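**Q** Below is one structure. I have some questions about it.
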Amino acid sequence: DGRDYDPEVLKQAVLEAVNALPAPQDGRDATALEVLPAIDDQKSFPRGTYATHLGGLWRAYEKTHGMRGWECLVDGVADIDVSMTDERLFSVVIRQSSGQCTEKTFSLSVMLYRGVFRTGEIYHPGDTVTWGGSLWHCNSMTGDKPGEAHSSGWTLAAKRGRDAGGGK
Numbered sequence: 189d190g191r192d193y194d195p196e197v198l199k200q201a202v203l204e205a206v207n208a209l210p211a212p213q214d215g216r217d218a219t220a221l222e223v224l225p226a227i228d229d230q231k232s233f234p235r236g237t238y239a240t241h242l243g244g245l246w247r248a249y250e251k252t253h254g255m256r257g258w259e260c261l262v263d264g265v266a267d268i269d270v271s272m273t274d275e276r277l278f279s280v281v282i283r284q285s286s287g288q289c290t291e292k293t294f295s296l297s298v299m300l301y302r303g304v305f306r307t308g309e310i311y312h313p314g315d316t317v318t319w320g321g322s323l324w325h326c327n328s329m330t331g332d333k334p335g336e337a338h339s340s341g342w343t344l345a346a347k348r349g350r351d352a353g354g355g356k
C-alpha cells in the first residue's frame, strides 16, 4: 500500500548504487569490426583478429603462427577452374576458402563437322556430316547412314542443290 515507504531513503539508495558503478571508459563498438584485407602467414596475430583470406572471412581463435590458429567463419569462393577435357566436355572445379572442392562436368552437344560420312564410325549428338551432297545433323548416337530407309539419328540440315546448267 506504500505507507511504510520513505522517498528519501529510496532516493539515497539509488544514488549510492549509481555512484558505485564504474566510470565509463572509451572503447569500441561491438559491431564495428576491423577486418584485415589479407592474412600474412609470416606474421602472428592476436586472438579475435578478423581477416579475409581466399574469398572468405577468417577469425583467429588463438594467437596465430602462420595459418595455425585461424578458422574460416564465412566460406567464400577462392578459385574457379574451367577446363575442356574433350571436344564437348567441360569440367568446372570450385575451390572454397575452407579448402573444400566441388567438381562438375558438363557435356555440350555443339555442332562439329566430321567431314564426309564414313561407314563403321559412330556419330554422337551434334556431329554433322555430308552425304549425297547434303549436310546431315546427328540427333542421337548412331552408326546408320543418313537419309537411307530405316536409318535413325539423323536430320537433314541442308539439302543438296541443283547441278549447274552447263554455264549457259
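Residue 189 is where the sequence shown starts when you use the working numbering, and the numbers rise one by one after that. Just so it is clear, CB atoms sit at the ideal spot from N, CA and C, and this is done for glycine as well. Computed from a predicted model, the values in this text were never measured in an experiment.
Taking only runs that begin and end inside the segment 310-353, name each unbroken beta strand (DSSP E) of 3 or more residues, in chain order.
**A** DSSP runs (the beta strand (DSSP E)) wholly in the segment 310-353: 315-319, 322-326, 342-346.
**Q** By DSSP, does K231 sit in helix, in strand, or in coil?
**A** The answer is coil: DSSP assigns K231 none of H, G, I, E or B.
**Q** If distances are taken between C-alpha atoms only, which option among K231, V265, M272 comes closest to M255?
**A** The residue with the shortest Cα to Cα distance from M255 is K231.
**Q** How is A205 classed by DSSP in three states: helix, strand or coil?
**A** The answer is helix: DSSP assigns A205 an H, G or I state.
**Q** Measuring CA to CA, which of S297, A266, L261, V262 is closest to F278?
**A** Ranking S297, A266, L261, V262 by Cα distance to F278 puts S297 first.
**Q** Measuring CA to CA, which of G314, G321, G341 is closest to R350?
**A** Ranking G314, G321, G341 by Cα distance to R350 puts G321 first.
**Q** Grab me the residues of D229's own chain with a C-beta within less than 7 Å of its C-beta, minus the 5 sequence neighbours each way, in chain order.
**A** Counting only Cβ-Cβ distances below 7 Å, and skipping sequence neighbours, we find G254, M255.
**Q** Less than 7 Å between the beta carbons of A346 and H325, yes or no?
**A** No, they are not a contact pair.
**Q** Between M329 and H312, which are expected to be in contact by the criterion C-beta below 8 Å, what is the C-beta distance as a whole number of angstroms?
**A** Rounded, the Cβ-Cβ distance is 6 Å, consistent with contact.
**Q** Apply the 10 Å Cβ neighbour rule to A211 and answer buried if 16 or more other Cβ atoms are within range, or exposed otherwise.
**A** Exposed is the call here.
**Q** CB-CB under 6 Å to S271, same chain, minus the five flanking residues each way: which ones, in chain order?
**A** Excluding residues within five positions, the ones whose Cβ falls inside 6 Å are S279.
**Q** Suppose you measure from the CA of R235 to the CA of G257; what does that come to, to the nearest Å?
**A** Using only the alpha carbons, I get a separation of about 8 Å.
**Q** For the beta strand (DSSP E) containing F221, list its first residue and its last residue.
**A** For the sequence presented, residue 221 should be read as Leu rather than Phe. Neither: L221 is in no beta strand (DSSP E) and is coded neither H nor E.
**Q** Under 8 Å Cβ to Cβ from G308, same chain only, skipping five residues before and after it: list those, please.
**A** Counting only Cβ-Cβ distances below 8 Å, and skipping sequence neighbours, we find G331.
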